[in-house]
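Here the structure comes first, spelled out in structure tokens, and everything after it is commentary.
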Amino acid sequence: MEVCVIAKCTYKSETIMFSVSSESSMVDILKTLCLRFRGLQLGCFTLRYSVPSYPSCFLETDSDLDLMRTFLLISNEKTVDILVKDLCGSSEYSGDFCVNKELIACENGESSCSSTVEDRNEFLGRLKRASAKPLLSNEWETYIHHVGQKFDGGAEEFRLKLCK
0 MEVCVIAKCT
10 YKSETIMFSV
20 SSESSMVDIL
30 KTLCLRFRGL
40 QLGCFTLRYS
50 VPSYPSCFLE
60 TDSDLDLMRT
70 FLLISNEKTV
80 DILVKDLCGS
90 SEYSGDFCVN
100 KELIACENGE
110 SSCSSTVEDR
120 NEFLGRLKRA
130 SAKPLLSNEW
140 ETYIHHVGQK
150 FDGGAEEFRL
160 KLCK
């Protein structure tokens, strides 16, 4: 019998669960998330999972997925919490990507969504920094949450935060 992990995926205030097996790929997971969460658009979100001692691990590639499954197997964990973080503000972003109705067509063999996802992962992989030194913008991740966000200190506080 194949060992499956139950993924508990949370987006905004909603949570869904589905099984992740050794046959699952990132394309499968991305399609499932876009089909199940209303307004979620492919290419407009990131995934992070949480395991004991590591609360925020990126889940971007099939390699990340394999590593997550292996870690959970070794740790004897049966479930994993995955946070779906919206990058674009689902109602405001209009990029060139497959949206929910196209994902349904993709499953019927009418579209090539999976190649779009793979191309984007390839493209982003070339842009990764070689050094382990964190970018200055890493602090912004906890400070900037969405487009149109209001800051308590106004524009002045925002500018000061960006300068640090």
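Per our numbering: the sequence shown = residues 0 to 163.
Ideal placement from N, C-alpha and C gives every residue a C-beta, glycine not left out.
The structure presented is a predicted model; accordingly, all values stated were derived computationally and were not measured.
Nearest candidate by alpha-carbon position, reference residue i, set the options
i     : options                         : result
Leu71 : Gly147, Gly153, His144 and Ile5 : Ile5
Glu13 : Val79, Phe36 and Ser21          : Phe36
Lys84 : Lys11, Thr69, Ile143 and Thr78  : Lys11
Val79 : Ala154, Thr9, Gly153 and Leu29  : Thr9
Ser24 : Gly152, Leu159 and Arg68        : Arg68
Residues of its chain near residue i, where Cβ-Cβ distance is below 7 Å and the 5 sequence neighbours each way are ignored
i      : result
Asp63  : Phe57
Phe17  : Ala6 and Thr31
Glu156 : Phe150
Contact check, residue i vs residue j, beta carbons under 8 Å
i     : j     : result
Ile81 : Tyr48 : yes
Cys3  : Val26 : no
Leu86 : Thr45 : yes
Ser74 : Val50 : yes
Residue i burial status per 10 Å Cβ neighbour count (16 or more: buried)
i      : result
Ala104 : With a pLDDT of 43 at Ala104, under the threshold of 50, the modelled position of that residue is not reliable, and the figure given next carries that caveat. Its Cβ having fewer than 16 others within 10 Å, Ala104 is exposed.
C-beta neighbour in chain D for residue i, strict 8 Å
i     : result
Phe17 : Among the chains of the structure shown, chain D does not appear; only one protein chain is present.
For residue i, the residue or residues it bridges with in DSSP
i     : result
Lys84 : Thr45
Val19 : Val4
Spatial neighbours of residue i in its chain, beta-carbon cut-off 6 Å, leaving aside the 5 residues before and after
i      : result
Gln148 : none
Glu76  : none
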